[in-house]
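Numbering (our numbering), first residue to last: 2 to 274.
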Amino acid sequence: MVRRPLQTLLFTLALLAGCTVVPDEEPPPPTVVADDDDATEPTDGVEQIAEVTFAASLDGVLRPDPDRDSSLAELSGTWHILYWADAEGGDLVCRQRFAVESAGLVDPEEPGLCEGCAGRMRITSVEMLSGSEFEDGCGTLPPEIDLGFLVLPTGQLPNDFRQLDLVAWDGLAESGWQLARAGLGADEVDERYANLGLDVRYLALVSPSGWLGEEAGLGEVASAWSEAELLPMFVVYRGLDEAGDGDALEGPVKLSSLWTVRVGDGHSTAPNR
(Lines of atoms letter the chains of each structure in order from A and count residues from 1; the text may use other names and numbers.)
(Lines give C-alpha, C1' and ligand atoms only; values in the text may rest on other atoms or scores of the structure.)
Protein backbone atom coordinates (compact mmCIF):
# COMPACT_ATOMS: atom_id res chain seq x y z
CA MET A 1 0.00 0.00 0.00
CA VAL A 2 1.39 3.38 -0.98
CA ARG A 3 1.81 6.00 1.68
CA ARG A 4 0.02 9.15 0.53
CA PRO A 5 -1.29 12.41 1.99
CA LEU A 6 -4.99 12.83 2.64
CA GLN A 7 -5.91 16.32 1.61
CA THR A 8 -9.00 16.62 3.79
CA LEU A 9 -7.67 15.34 7.12
CA LEU A 10 -7.29 17.12 10.39
CA PHE A 11 -6.94 15.96 13.97
CA THR A 12 -9.24 16.74 16.87
CA LEU A 13 -9.37 15.33 20.35
CA ALA A 14 -11.57 12.28 20.95
CA LEU A 15 -12.48 12.26 24.63
CA LEU A 16 -15.54 10.02 24.53
CA ALA A 17 -15.71 6.66 26.26
CA GLY A 18 -16.93 5.04 23.07
CA CYS A 19 -13.82 6.22 21.26
CA THR A 20 -11.30 5.36 23.94
CA VAL A 21 -12.13 1.73 24.65
CA VAL A 22 -11.70 -1.24 22.34
CA PRO A 23 -14.91 -3.28 22.20
CA ASP A 24 -14.39 -6.62 23.93
CA GLU A 25 -13.78 -9.40 21.46
CA GLU A 26 -11.47 -12.34 21.02
CA PRO A 27 -8.62 -11.67 18.56
CA PRO A 28 -9.57 -13.27 15.22
CA PRO A 29 -7.34 -15.95 13.72
CA PRO A 30 -4.36 -14.53 11.76
CA THR A 31 -5.51 -15.60 8.32
CA VAL A 32 -6.18 -13.62 5.18
CA VAL A 33 -8.55 -14.69 2.41
CA ALA A 34 -6.58 -13.02 -0.36
CA ASP A 35 -8.77 -14.10 -3.27
CA ASP A 36 -12.17 -13.81 -1.59
CA ASP A 37 -14.47 -11.87 -3.89
CA ASP A 38 -16.10 -10.17 -0.92
CA ALA A 39 -12.74 -8.77 0.13
CA THR A 40 -12.71 -6.51 -2.91
CA GLU A 41 -16.29 -5.29 -2.63
CA PRO A 42 -16.57 -1.57 -1.86
CA THR A 43 -17.51 -0.81 1.73
CA ASP A 44 -21.21 0.04 2.13
CA GLY A 45 -21.69 3.57 3.40
CA VAL A 46 -18.14 4.60 2.54
CA GLU A 47 -19.42 8.01 1.52
CA GLN A 48 -20.59 8.47 5.12
CA ILE A 49 -17.11 8.05 6.63
CA ALA A 50 -16.22 11.25 8.46
CA GLU A 51 -13.93 10.15 11.31
CA VAL A 52 -11.30 7.50 12.00
CA THR A 53 -9.97 6.18 15.33
CA PHE A 54 -7.38 3.56 16.22
CA ALA A 55 -7.04 0.86 18.87
CA ALA A 56 -5.29 -2.40 19.68
CA SER A 57 -6.04 -5.39 21.88
CA LEU A 58 -2.95 -7.47 22.66
CA ASP A 59 -1.76 -10.12 25.09
CA GLY A 60 1.82 -10.17 26.34
CA VAL A 61 4.00 -13.10 27.46
CA LEU A 62 7.29 -12.29 29.20
CA ARG A 63 10.56 -13.76 27.92
CA PRO A 64 13.29 -13.12 30.53
CA ASP A 65 16.54 -11.71 29.17
CA PRO A 66 19.57 -13.17 31.00
CA ASP A 67 21.68 -10.17 29.99
CA ARG A 68 19.52 -7.54 31.65
CA ASP A 69 17.12 -7.04 34.53
CA SER A 70 14.21 -6.25 32.24
CA SER A 71 12.10 -8.73 30.31
CA LEU A 72 11.03 -8.69 26.71
CA ALA A 73 7.32 -9.23 26.15
CA GLU A 74 6.03 -11.05 23.11
CA LEU A 75 2.69 -9.45 22.28
CA SER A 76 0.08 -10.85 19.93
CA GLY A 77 -3.41 -9.74 19.06
CA THR A 78 -5.30 -7.30 16.87
CA TRP A 79 -4.88 -3.73 15.71
CA HIS A 80 -8.11 -1.96 14.74
CA ILE A 81 -8.77 1.00 12.47
CA LEU A 82 -12.36 2.17 12.94
CA TYR A 83 -14.15 4.22 10.30
CA TRP A 84 -17.08 6.22 11.63
CA ALA A 85 -19.94 8.25 10.24
CA ASP A 86 -20.20 9.74 13.74
CA ALA A 87 -17.80 8.58 16.45
CA GLU A 88 -19.58 10.56 19.18
CA GLY A 89 -22.88 8.97 18.23
CA GLY A 90 -21.35 5.48 17.91
CA ASP A 91 -22.24 5.23 14.22
CA LEU A 92 -19.56 2.84 12.93
CA VAL A 93 -19.30 2.27 9.17
CA CYS A 94 -16.69 -0.52 9.30
CA ARG A 95 -13.53 -1.75 10.99
CA GLN A 96 -10.19 -2.89 9.56
CA ARG A 97 -8.42 -5.59 11.57
CA PHE A 98 -4.76 -6.54 11.52
CA ALA A 99 -3.38 -9.64 13.23
CA VAL A 100 -0.03 -8.58 14.71
CA GLU A 101 2.96 -9.92 16.56
CA SER A 102 4.88 -7.33 18.55
CA ALA A 103 7.82 -6.98 20.91
CA GLY A 104 7.52 -4.83 24.00
CA LEU A 105 10.35 -3.81 26.30
CA VAL A 106 10.18 -1.78 29.49
CA ASP A 107 13.74 -0.59 30.15
CA PRO A 108 14.61 3.12 30.42
CA GLU A 109 18.24 2.21 29.70
CA GLU A 110 17.42 0.85 26.24
CA PRO A 111 19.65 2.64 23.70
CA GLY A 112 17.88 5.19 21.55
CA LEU A 113 14.96 5.88 23.88
CA CYS A 114 13.93 9.48 24.35
CA GLU A 115 14.58 11.31 27.60
CA GLY A 116 11.97 10.26 30.13
CA CYS A 117 10.81 7.25 28.11
CA ALA A 118 10.40 3.92 29.86
CA GLY A 119 10.28 1.45 26.97
CA ARG A 120 9.23 0.67 23.43
CA MET A 121 6.76 -1.42 21.45
CA ARG A 122 7.46 -2.63 17.91
CA ILE A 123 5.29 -4.52 15.44
CA THR A 124 7.34 -7.45 14.17
CA SER A 125 4.78 -9.01 11.83
CA VAL A 126 1.33 -8.10 10.59
CA GLU A 127 -1.41 -9.50 8.37
CA MET A 128 -4.49 -7.61 7.29
CA LEU A 129 -7.57 -9.72 7.94
CA SER A 130 -10.28 -10.11 5.34
CA GLY A 131 -13.19 -7.79 6.03
CA SER A 132 -15.58 -10.43 4.72
CA GLU A 133 -14.88 -12.55 7.81
CA PHE A 134 -16.54 -10.02 10.12
CA GLU A 135 -19.98 -8.48 10.21
CA ASP A 136 -18.50 -5.00 10.62
CA GLY A 137 -15.44 -5.58 8.44
CA CYS A 138 -14.37 -3.14 5.75
CA GLY A 139 -14.35 -4.01 2.08
CA THR A 140 -12.33 -1.93 -0.35
CA LEU A 141 -11.85 1.63 0.84
CA PRO A 142 -10.94 4.57 -1.40
CA PRO A 143 -7.19 5.28 -1.18
CA GLU A 144 -7.85 8.79 0.07
CA ILE A 145 -9.58 7.34 3.16
CA ASP A 146 -7.79 4.00 3.71
CA LEU A 147 -5.33 4.41 6.63
CA GLY A 148 -4.12 0.81 6.69
CA PHE A 149 -0.60 1.95 5.78
CA LEU A 150 -0.18 3.22 9.34
CA VAL A 151 0.03 -0.42 10.49
CA LEU A 152 1.26 -2.27 7.40
CA PRO A 153 4.93 -2.24 6.32
CA THR A 154 5.32 0.27 3.51
CA GLY A 155 9.09 0.23 3.00
CA GLN A 156 9.23 3.83 4.19
CA LEU A 157 10.44 4.88 7.62
CA PRO A 158 9.26 5.77 10.11
CA ASN A 159 6.07 3.71 10.03
CA ASP A 160 3.76 5.52 12.43
CA PHE A 161 2.34 2.63 14.44
CA ARG A 162 5.12 0.10 13.90
CA GLN A 163 7.31 1.61 16.63
CA LEU A 164 5.92 3.37 19.70
CA ASP A 165 8.01 4.80 22.53
CA LEU A 166 6.42 4.59 25.96
CA VAL A 167 6.25 7.07 28.84
CA ALA A 168 5.23 5.66 32.22
CA TRP A 169 1.83 7.04 33.22
CA ASP A 170 2.66 7.09 36.95
CA GLY A 171 3.53 10.66 37.79
CA LEU A 172 2.41 12.01 34.43
CA ALA A 173 -1.03 12.98 35.72
CA GLU A 174 0.52 14.85 38.67
CA SER A 175 3.09 16.61 36.50
CA GLY A 176 0.60 19.01 34.95
CA TRP A 177 1.94 18.26 31.47
CA GLN A 178 -0.63 18.96 28.76
CA LEU A 179 -1.05 16.37 26.00
CA ALA A 180 -2.70 18.90 23.67
CA ARG A 181 -1.63 22.40 22.77
CA ALA A 182 -5.18 23.58 23.41
CA GLY A 183 -5.12 21.94 26.82
CA LEU A 184 -5.75 18.35 27.85
CA GLY A 185 -4.24 17.24 31.12
CA ALA A 186 -3.11 13.69 31.72
CA ASP A 187 -5.19 13.87 34.91
CA GLU A 188 -8.34 14.36 32.79
CA VAL A 189 -7.54 11.26 30.75
CA ASP A 190 -6.70 9.31 33.89
CA GLU A 191 -10.05 10.20 35.47
CA ARG A 192 -12.02 9.13 32.38
CA TYR A 193 -10.35 5.73 32.27
CA ALA A 194 -10.60 5.20 36.03
CA ASN A 195 -14.34 5.89 35.85
CA LEU A 196 -14.57 3.03 33.34
CA GLY A 197 -12.66 0.65 35.61
CA LEU A 198 -9.47 0.88 33.54
CA ASP A 199 -5.88 1.31 34.65
CA VAL A 200 -3.71 3.51 32.42
CA ARG A 201 -0.10 2.29 32.32
CA TYR A 202 1.69 4.21 29.56
CA LEU A 203 1.46 7.01 27.06
CA ALA A 204 2.60 5.82 23.62
CA LEU A 205 4.40 8.27 21.33
CA VAL A 206 4.84 8.40 17.56
CA SER A 207 7.59 9.98 15.50
CA PRO A 208 7.04 13.60 14.41
CA SER A 209 8.44 12.73 10.99
CA GLY A 210 5.84 10.06 10.19
CA TRP A 211 2.67 10.55 8.17
CA LEU A 212 0.70 11.67 11.21
CA GLY A 213 3.19 14.34 12.12
CA GLU A 214 4.17 15.62 8.69
CA GLU A 215 1.09 15.15 6.55
CA ALA A 216 -1.89 14.97 8.90
CA GLY A 217 -0.87 17.83 11.20
CA LEU A 218 -0.72 16.00 14.53
CA GLY A 219 2.15 18.23 15.63
CA GLU A 220 -0.13 21.25 15.31
CA VAL A 221 -2.50 20.05 18.04
CA ALA A 222 -0.45 17.64 20.20
CA SER A 223 2.24 18.74 22.66
CA ALA A 224 5.63 17.30 21.78
CA TRP A 225 7.46 15.15 24.34
CA SER A 226 11.16 15.79 25.04
CA GLU A 227 13.81 17.10 22.66
CA ALA A 228 12.97 14.26 20.28
CA GLU A 229 9.63 16.04 19.65
CA LEU A 230 7.74 12.72 19.84
CA LEU A 231 3.96 13.11 19.73
CA PRO A 232 1.44 11.54 22.13
CA MET A 233 -0.86 9.20 20.25
CA PHE A 234 -2.11 6.28 22.37
CA VAL A 235 -3.17 5.48 25.90
CA VAL A 236 -1.89 2.04 26.97
CA TYR A 237 -4.17 0.48 29.57
CA ARG A 238 -5.66 -2.66 31.08
CA GLY A 239 -8.63 -3.45 33.27
CA LEU A 240 -8.17 -2.94 37.00
CA ASP A 241 -8.91 -6.63 37.56
CA GLU A 242 -6.64 -7.93 34.78
CA ALA A 243 -3.42 -9.65 35.73
CA GLY A 244 -0.05 -8.21 34.83
CA ASP A 245 3.48 -8.14 36.18
CA GLY A 246 3.75 -4.57 37.45
CA ASP A 247 4.98 -2.27 34.71
CA ALA A 248 5.88 -5.10 32.33
CA LEU A 249 3.83 -5.54 29.18
CA GLU A 250 2.44 -8.85 30.40
CA GLY A 251 -1.11 -10.08 30.08
CA PRO A 252 -3.81 -7.93 28.50
CA VAL A 253 -2.36 -4.78 26.91
CA LYS A 254 -4.77 -2.42 25.14
CA LEU A 255 -4.23 0.81 23.26
CA SER A 256 -6.66 3.52 22.23
CA SER A 257 -5.98 6.69 20.29
CA LEU A 258 -6.13 10.09 21.91
CA TRP A 259 -7.07 11.62 18.58
CA THR A 260 -9.75 11.31 15.94
CA VAL A 261 -8.93 11.81 12.28
CA ARG A 262 -11.75 13.83 10.78
CA VAL A 263 -12.28 13.50 7.06
CA GLY A 264 -14.03 16.31 5.25
CA ASP A 265 -13.82 19.88 3.98
CA GLY A 266 -14.52 23.03 5.87
CA HIS A 267 -13.20 21.96 9.30
CA SER A 268 -10.74 23.78 11.49
CA THR A 269 -8.28 22.18 13.90
CA ALA A 270 -9.68 22.40 17.41
CA PRO A 271 -10.10 20.22 20.52
CA ASN A 272 -13.22 18.07 20.44
CA ARG A 273 -14.60 18.86 23.86
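C-beta: ideal position from N, C-alpha, C; glycine also.
All of these numbers come straight from a predicted model, not from anything done at the bench.
Closest by C-alpha distance to L83, when choosing among G90, E75 and R98: Here the closest residue by C-alpha is R98.
Where G61 sits in the DSSP three-state scheme: Correct three-state label for G61: strand.
Assigned secondary structure, D108 (DSSP; H/G/I helix, E/B strand, else coil): The answer is coil: DSSP assigns D108 none of H, G, I, E or B.
Inter-residue Cα distance where the pair is S257 and A119: The alpha-carbon separation between S257 and A119 amounts to approximately 19 Å.
Alpha carbon of L180 to alpha carbon of W212, nearest angstrom: Rounded to whole angstroms, the gap between the alpha carbons of L180 and W212 is 19 Å.
Segment limits, alpha helix (DSSP H) that includes R193: Judged by DSSP secondary structure, R193 falls within the alpha helix (DSSP H) whose first and last residues are A187 to N196.
Residue burial classification, N160 (beta-carbon count within 10 angstroms, cutoff 16): Burial state of N160 is buried, judged by a 10 Å Cβ sphere holding 16 or more other Cβ atoms.
Inter-stretch contact at 8 Å, needing at least 3 Cβ pairs: the segment 102 to 109 / the segment 133 to 145: In short, these stretches do not touch, since the Cβ pair count stays below three.
Residues of its chain near S126, where Cβ-Cβ distance is below 8 Å and the 5 sequence neighbours each way are ignored: Same-chain partners within the cutoff: V101 and E102.
Helix, strand or coil at S208 according to DSSP, with G and I counted as helix: S208: coil per DSSP, three-state reduction.
Residue of L199, L232, W85 and L173 minimising C-alpha distance to E243: Ranking L199, L232, W85 and L173 by Cα distance to E243 puts L199 first.
Limits of the alpha helix (DSSP H) - the one that A174 falls within: For A174, the enclosing alpha helix (DSSP H) covers residues L173 to S176.
Cβ-Cβ distance between L250 and D166 below 9 Å: Contact: no.
Simplified DSSP state of G252, which is helix, strand or coil: Reduced to three states, the DSSP call for G252 is strand.
Beta-bridge partners of R96, as assigned by DSSP: R96 pairs with L83 and G138.
Cβ distance (whole Å) where V168 is taken to contact W226 below 8 Å: Indeed they touch by this definition, with Cβ atoms about 7 Å apart.
Exposure label - R239; buried when at least 16 CB within 10 Å: Under this definition R239 is a buried residue.
Where V47 sits in the DSSP three-state scheme: V47 falls in the helix class under three-state DSSP.
Within 9 Å, strictly: CB atoms of C56 and V254: Checking the displayed sequence, the identity of residue 56 turns out to be Ala instead of Cys. Here A56 is not near V254, since their CB atoms are 9 Å or more apart.
A195 versus V201 - alpha carbon distance: Distance between the alpha carbons of A195 and V201 is about 8 Å.
Integer Cβ distance of G252 from D60, believed to fall under 8 Å: Their Cβ separation, rounded to whole angstroms, is 7 Å, which keeps G252 and D60 in contact under 8 Å.
Residues near L241 in its chain [Cβ-Cβ closer than 6 Å; skip 5 each side]: Within the same chain, L241 has close Cβ partners G198 and D200.
Segment limits, beta strand (DSSP E) that includes T125: Element bounds for T125: G120 to M129.
Burial state of S131, where buried means 16 or more other Cβ atoms lie within 10 Å: Under the 10 Å beta carbon count, S131 is surrounded by 16 or more other beta carbons and is classified as buried.
Contact check, V107 vs V47, beta carbons under 9 Å: Not in contact: V107 and V47 (Cβ atoms no closer than 9 Å).
C-alpha distance - L259 paired with D66, whole-angstrom precision: So the two alpha carbons sit approximately 32 Å from each other.
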